[in-house]
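Student: Before I ask anything, let me first share the structure, which is written out below as structure tokens.
Number of protein chains: 6
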Amino acid sequence: MKIEDIYTVLNNISPFELQEKWDNSGLIVGNFNDKVKEIYISLDLDLKMIKKIKPNSLIITHHPLIFSPLKKINNDSYSTKILKKLIKKDISLISMHTNIDKSHLNMYVGREILGFDFKKIDDFIITANINMSLKKLQKIVKEKLNIKILKTVKSHKYINTIALTTGSGMSLLPYIKADCFLTGDIKYHDAMEAIAREITLLDIGHYESEIHFSTLLNRLLEKYLKNNDKKAIIIASQNPFNYK
Amino acid sequence: MKIEDIYTVLNNISPFELQEKWDNSGLIVGNFNDKVKEIYISLDLDLKMIKKIKPNSLIITHHPLIFSPLKKINNDSYSTKILKKLIKKDISLISMHTNIDKSHLNMYVGREILGFDFKKIDDFIITANINMSLKKLQKIVKEKLNIKILKTVKSHKYINTIALTTGSGMSLLPYIKADCFLTGDIKYHDAMEAIAREITLLDIGHYESEIHFSTLLNRLLEKYLKNNDKKAIIIASQNPFNYK
Amino acid sequence: MKIEDIYTVLNNISPFELQEKWDNSGLIVGNFNDKVKEIYISLDLDLKMIKKIKPNSLIITHHPLIFSPLKKINNDSYSTKILKKLIKKDISLISMHTNIDKSHLNMYVGREILGFDFKKIDDFIITANINMSLKKLQKIVKEKLNIKILKTVKSHKYINTIALTTGSGMSLLPYIKADCFLTGDIKYHDAMEAIAREITLLDIGHYESEIHFSTLLNRLLEKYLKNNDKKAIIIASQNPFNYK
Amino acid sequence: MKIEDIYTVLNNISPFELQEKWDNSGLIVGNFNDKVKEIYISLDLDLKMIKKIKPNSLIITHHPLIFSPLKKINNDSYSTKILKKLIKKDISLISMHTNIDKSHLNMYVGREILGFDFKKIDDFIITANINMSLKKLQKIVKEKLNIKILKTVKSHKYINTIALTTGSGMSLLPYIKADCFLTGDIKYHDAMEAIAREITLLDIGHYESEIHFSTLLNRLLEKYLKNNDKKAIIIASQNPFNYK
Amino acid sequence: MKIEDIYTVLNNISPFELQEKWDNSGLIVGNFNDKVKEIYISLDLDLKMIKKIKPNSLIITHHPLIFSPLKKINNDSYSTKILKKLIKKDISLISMHTNIDKSHLNMYVGREILGFDFKKIDDFIITANINMSLKKLQKIVKEKLNIKILKTVKSHKYINTIALTTGSGMSLLPYIKADCFLTGDIKYHDAMEAIAREITLLDIGHYESEIHFSTLLNRLLEKYLKNNDKKAIIIASQNPFNYK
Amino acid sequence: MKIEDIYTVLNNISPFELQEKWDNSGLIVGNFNDKVKEIYISLDLDLKMIKKIKPNSLIITHHPLIFSPLKKINNDSYSTKILKKLIKKDISLISMHTNIDKSHLNMYVGREILGFDFKKIDDFIITANINMSLKKLQKIVKEKLNIKILKTVKSHKYINTIALTTGSGMSLLPYIKADCFLTGDIKYHDAMEAIAREITLLDIGHYESEIHFSTLLNRLLEKYLKNNDKKAIIIASQNPFNYK
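Protein chains in written order, with my numbering: chain B, 80 to 323; chain V, 80 to 323; chain H, 80 to 323; chain Y, 80 to 323; chain L, 80 to 323; chain F, 80 to 323.
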């Protein structure tokens, strides 16, 4: 199986052209003509995980390894450390980031993982009517997304509508038209802004809300892989946070 | 007491010229010639708090109310909502942000609140030798900073040196030369980067690490206020987060 | 009557989307949901005028109060001084600037006030054949626009065609295809440029050429206001210049 | 006499390095090695004037002929029309603009032409105590600067201090610390701003306030020219405005 | 014959709108209304050539005389030296640069001068199948383009496909999909890049590959000139390089 | 021997801070703590050469491998192809580019290789009086720099002074104050500009003029290497050009 073939399949599933300007989705490491032995799917890469991956494989991640372009490959940053390991083991890397956020991931997490009837899609924001108490919503969110500690910014006791953006969506706050916004990486000033705008926030975790990328993509690739007598290996990057 | 006089005192304590380019510290609302009845000190402003403040007062906050310059005063943003209330009650506002971070706040939190022997100052980063287990450090940090849930990114079991930046310091990660970095608003990608760089992170909270601004400034102003037969009123903005 | 309703009517008269990039037309102070007691129309705002305006009113002006975005509300600039007064009296402000220049104002001043048969519209420039001596043109312009001292840059004795841009149009000189250009705020280097290009200039005054905004808008709103049993109050900002 | 020699003398009188970034003072047309037959001094160039100037001369003007750099020499702009005439007659051009404004011209106009005791210089702004009625000031200004129609923005009846910037100085308004500001090219919005700031304005004309450049420079060059048995010819560009 | 007429004819042949953003094709010196006695065509201008050209002529060149806009006409650069000569002799200049590269010149040189069956055009790149040894290709290129010393970067012995860009095309290397690229002005780092990409380069000379502009344009203008009883004079700028 | 040690020695020889803003000199691949088995010196890297280099070595080149920062490591560019090979063989790379041009290389080539008495250094330009015929100069240059075909732009028969910039120096033409300029990568428009400015050009080749970097650096490192019982291996990148 050549990288080019898989790239074409992925592009049919979620066109790379959909990505935002600042994004770096696509083939990040490797060549279109390279042959691939195994295919791995993961939210992210980390150093421990790469040890387990076989040489001449392809990894498909959600987050691009490289964001800021590299001028020197000599410091100890996350990108350069992992880049070196990939090159040494001839591992290729494709990332599907903002393109699949928009085309699939938000809706998948909202409907299939959380189980709410999300309908409206507006770029990165999806919205649903839920009509339940905040308490009940908190309970569902903790269970379904497997969140240990749920950080809440409370502006309402009862929630009619929720909006959802997986990952890190707080820059979208001015466009939220719902009682409650579910997203990850909520910072202090975001919370102050939400209170002034009378919006409730639930921090669903960048990791916890996007870890579902792997099962989603696996399912989307299933038919294609079967036809080629292949299976993708789902491999979990670790949640970097502990709570005490 | 005229605003100009207090401004001069504050500028002697921590020159406004020290602020970063992108900051907006200084007299944000009001006129230098206005007379001031009461002086309030707070980390931040919120709508409930303003109800309690007397007209013709001055508030001194840590965070500037306006960051992005305003072209329209008609939306429902935090800045414009509060701005209107201040103007209606003739309340003036001075903010001391990155200038006092550098000149006092980091060192105050590090030495007097946390009780460690911080010595080296490098702009926004202070460093100390502590030589203790991560467990013990976590315990001290939770107690001294009154943190309910401590988010940790664990790269070591034993910590020789710590670095500290109050507020939101993760953009400084590449410059950290310590085993463990204490700061607030730690996001998922920050955590992944720290693991690759083998740095331990403790999320000490933007709110919890900077709420001490009020007692700090009150102490710095004490002598001046006494000479003028005045007292500053410390007024607490509320922590926007709940944990469950 | 809600601001939102009037905004919609104004937007139907002259869509705010027509405005230039650098402009700030639209709802500048106030909220779409606010109710409005009185409606005032004026070319501009000044401090004396605001004293006469009732609280909870809406003012519709031609010139936007805010051009350069505001970071501090503590200096003594025109914008901030007036902004404070508006907020204190709960007065809302909508400005219709380059959108109505293009859609109505130039043509209204050219045809109805000056009485010439303007036909061609090219963005901010309208053109007419007039075929008369410069002397006669000067006489008409002074009378119709009520100009005390008419500043002229004379390149012809006889004028076949004139172009007109109300307000401050001299940056458009390279696009003028007429013997004579009527606009306001003509500066010295503009005049030198016009002489080299053999174009005659008549300075019709920024104030004198745009004061007609109020009667124009009043007429455009008449039907809507009648249906709502309302009347707009035309209120005149003062010409800041005296001549001696 | 070579251009280089005269350039050196001018540079000693008022260093070209003093000019603002956006300015284009210096040798604009001609070569440093060219020999010069006659020297002319003028505020500006115009097409009629160039007819009277002898070939192989040097003109020294206040305003630079070229501001926006030229990509095509085929349109009918002021700069390109005059540039062609200069080249055809081998006339060289040196301009002394913001350098001489700062070093001499403002002070010369303020003290020697207007006759006030200006003392403080702050870049382009000079300031004097005058203590007289606005009426009396208006009378003096009209007489001394030979102004036919004096445009006034009136904020006071009695003037203690005046500030002066020759030419077009209204962008300096926020820095004016005087009751009354004398400058040229005052536009409508400048006037509105001045009223809000309670500053009186007198429009002393861009042309009328800078025409004195020629006599000033002639005097500054006198000694050098005498030593070389030369005389500079003062040649007047025409005021482009007529008033009716 | 007026310049405007010839400009229109040229614009029909190869629309000036086709030019790249950074280009300066069009009427560079002269006015659309000027009458033209003689028409000259040349790749470029040089000082010797201008001596031979009659006053009141029009020159049509491939390369624009002015690239960087001019602020001063007093240094000894190529552009300003020649500009002065053109103005003094009332010679007008039109340049047809990237527009005619794309519409005609590449294809003319590829098919009619080199004699290969170029078919695909992709902006500035044309491609042909040739199927011959590099040696044979080198021989043909030297003969047909009259190249004395042929600089080669050799990555193949046998060439299936060639790409061609006249003038200076090395910035297009990443887009070349052929074994061998023919262009001029090949620099050292370009050559190193080509070796890594396994592309053969033949340096066909900026001058040698574009000197054919004159005969091409002459042919394209023939009919129009005949109808006006005119002939264009082809005048050769000199190759600046000697080889030893 | 650690990379850090060698880096320090190189920085003492020619401080990396001397480099131009756009340059990327320094440690480009590898880590300061890595140990180095062999040290190689070369003008440049190419794929053939890397095969011969032992793993865990350090290469010191003149030209930085990476100029444009990299976002993807999947295309077939020179930089990414070679980067992968370096990483796979654990080869580190330091480049000394514009810093050593200024501090040593120009003077070394001018005095020791060419044998002229260069004296004045002005950034990248060195100048010498030579007083000889162009013919004689051409002969010396060809011999000393081992240039097969010498490309000349001839403006003089006799040369009093020469300027020299190794590599690609034509952007410096406006600053050349000599009869003749020796540099590499001379393009057609550079040549036309030189003729207008009456400067003679000799194209001394980017490769031919900088290949001496290796012997120069070897000599500068000799003492340090001896003290560490090491020898540097000089390895020649190949001249990419053939002439026919």
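In this text, a Cβ means the ideal position worked out from N, Cα and C, and glycines have one as well.
State the Cα-Cα distance for the pair L193/F and L243/F, rounded to the nearest angstrom.
Tutor: Roughly 10 Å separates the two Cα atoms.
Student: Could you run through the region 276-293 of chain Y and flag, in chain order, every residue whose CB is less than 9 Å away from some CB of chain H?
Tutor: Cβ contacts with chain H come from R276, E277, L280, D282, G284, H285, Y286, E289.
Student: Distance check for L252/H and I205/H, CA to CA, integer angstroms please.
Tutor: Roughly 13 Å separates the two Cα atoms.
Student: How many angstroms separate the CA atom of Y303/H from the CA atom of Q317/H?
Tutor: So the two alpha carbons sit approximately 28 Å from each other.
Student: Would you please state the rounded distance, in angstroms, between the beta carbons of I265/V and D282/V? I believe it to be under 8 Å.
Tutor: Indeed they touch by this definition, with Cβ atoms about 4 Å apart.
Student: Give a yes or no on whether the C-beta atoms belonging to P319/V and I274/B are separated by under 8 Å.
Tutor: In contact: P319/V and I274/B (Cβ atoms closer than 8 Å).
Student: Within this structure, are the beta carbons of K151/B and L149/F separated by less than 8 Å?
Tutor: Result no, Cβ atoms of K151/B and L149/F do not sit closer than 8 Å.
Student: Give a yes or no on whether the C-beta atoms belonging to S171/H and V115/H are separated by under 8 Å.
Tutor: In this structure, V115/H lies closer than 8 Å to S171/H by Cβ.
Student: Residues of chain F with a CB under 9 Å from the CB of L162/B: which are they?
Tutor: The answer, in chain order, is I152, I166.
Student: May I have the straight-line CA-CA distance separating I313/F from T294/F, to the nearest angstrom?
Tutor: Near 7 Å, if we compare the C-alpha coordinates of T294/F and I313/F.
Student: Applying the criterion that 16 or more other CB atoms from any shown protein chain within 10 Å of the CB defines a buried residue, is H235/Y buried or exposed?
Tutor: H235/Y comes out exposed.
Student: By the 10 Å Cβ neighbour count, where 16 or more other Cβ atoms means buried, how is F203/L classified, buried or exposed?
Tutor: Classification of F203/L: buried, given that the 10 Å Cβ count is 16 or more.
Student: Say whether the region 175-182 of chain V touches the region 81-101 of chain V, bearing in mind that this needs 3 or more beta-carbon pairs closer than 8 Å, one atom from each stretch.
Tutor: Judged by Cβ distances under 8 Å, the region 175-182 of chain V makes contact with the region 81-101 of chain V, as three or more pairs qualify.
Student: In its own chain, which residues sit with a C-beta less than 6 Å from the C-beta of A257/F, not counting the 5 before and 5 after it?
Tutor: These residues qualify, in order along the chain: T206, T240, I241, A242.
Student: Can you name the start and end residues of the alpha helix (DSSP H) that V108/V belongs to?
Tutor: Run containing V108/V: none in the alpha helix (DSSP H); it sits in the beta strand (DSSP E), 105-108.
Student: For N103/V, which residues in chain H fall below 7 Å Cβ to Cβ?
Tutor: Within chain H, the residues near N103/V are K150.
Student: Using a Cβ-Cβ cut-off of 6 Å (strictly less than) and excluding sequence neighbours within five positions of D102/B, which residues of its own chain qualify?
Tutor: If we look at D102/B and ignore the five residues flanking it on each side, its Cβ neighbours are H176, T177.
Student: Per DSSP, what are the beta-bridge partners of I139/Y in this structure?
Tutor: Paired residues: I120/Y, I173/Y.
Student: If L229/B sits next to K323/V, beta carbons under 8 Å apart, how far is it from one beta carbon to the other, in whole angstroms?
Tutor: Indeed they touch by this definition, with Cβ atoms about 5 Å apart.
Student: Going by C-alpha to C-alpha distance, which of H268/B, K221/B, R298/B sits closest to L261/B?
Tutor: For the residues H268/B, K221/B, R298/B, the minimum Cα distance to L261/B belongs to K221/B.
Student: Hey, how far is the Cα of N297/F from the Cα of K305/F?
Tutor: Going by the C-alpha atoms only, they are around 11 Å apart.
Student: Is DSSP giving L193/B helix, strand or coil here?
Tutor: Of the three classes helix, strand and coil, the one that applies to L193/B here is coil, per DSSP.
Student: Measure the CB-CB distance between D123/B and H141/B and report whether it falls below 8 Å.
Tutor: Contact: yes.
Student: Can you tell me whether D269/V is buried or exposed, with buried defined as 16 or more other CB within 10 angstroms of its CB?
Tutor: Buried is the call here.
Student: Measure from the alpha carbon of I226/B to the alpha carbon of each residue in I138/B, M128/B, E287/B, Y237/B, then state which is nearest.
Tutor: The shortest C-alpha separation from I226/B is found at E287/B.
Student: From N135/V to N153/H, what does the alpha carbon distance come to, in whole angstroms?
Tutor: If I take the Cα positions, the gap works out to 14 Å.
Student: My output table needs one value for I205/H: the three-state DSSP class, helix, strand or coil.
Tutor: The answer is strand: DSSP assigns I205/H an E or B state.
Student: What residue does the alpha helix (DSSP H) around K181/L start on, and which one ends it?
Tutor: Looking at the DSSP string, K181/L is not in any alpha helix (DSSP H), and its letter there is neither H nor E.
Student: Using the C-alpha atoms, what's the distance from S182/Y back to G248/Y?
Tutor: Between G248/Y and S182/Y, the C-alpha separation is close to 16 Å.
Student: Report buried or exposed for E289/F, applying the criterion of at least 16 other Cβ atoms within 10 angstroms of its Cβ.
Tutor: So E289/F ends up on the buried side.
Student: Look at the alpha carbon of I82/L and the alpha carbon of I138/L, and state the distance between them as a whole number of angstroms.
Tutor: Using only the alpha carbons, I get a separation of about 11 Å.
Student: So which residues on chain B does K266/V lean against when the C-beta distance must stay under 9 Å?
Tutor: Simply S247, G263, D264, K266, H285.
Student: Is there a Cβ of chain V sitting closer than 8 Å to that of M271/B, yes or no?
Tutor: It does: the Cβ of M271/B has a partner Cβ on chain V nearer than 8 Å.
Student: For T159/L, collect the residues of the same chain with a Cβ closer than 6 Å to its Cβ; drop the 5 residues on either side in sequence, then sort them by chain order.
Tutor: These residues qualify, in order along the chain: I152.
Student: Thinking C-alpha only, which one of L300/B, D308/B, A311/B, H291/B is nearest R190/B?
Tutor: The shortest C-alpha separation from R190/B is found at H291/B.
Student: Report yes or no: is there a C-beta of chain F within less than 8 Å of the C-beta of T231/L?
Tutor: It does: the Cβ of T231/L has a partner Cβ on chain F nearer than 8 Å.
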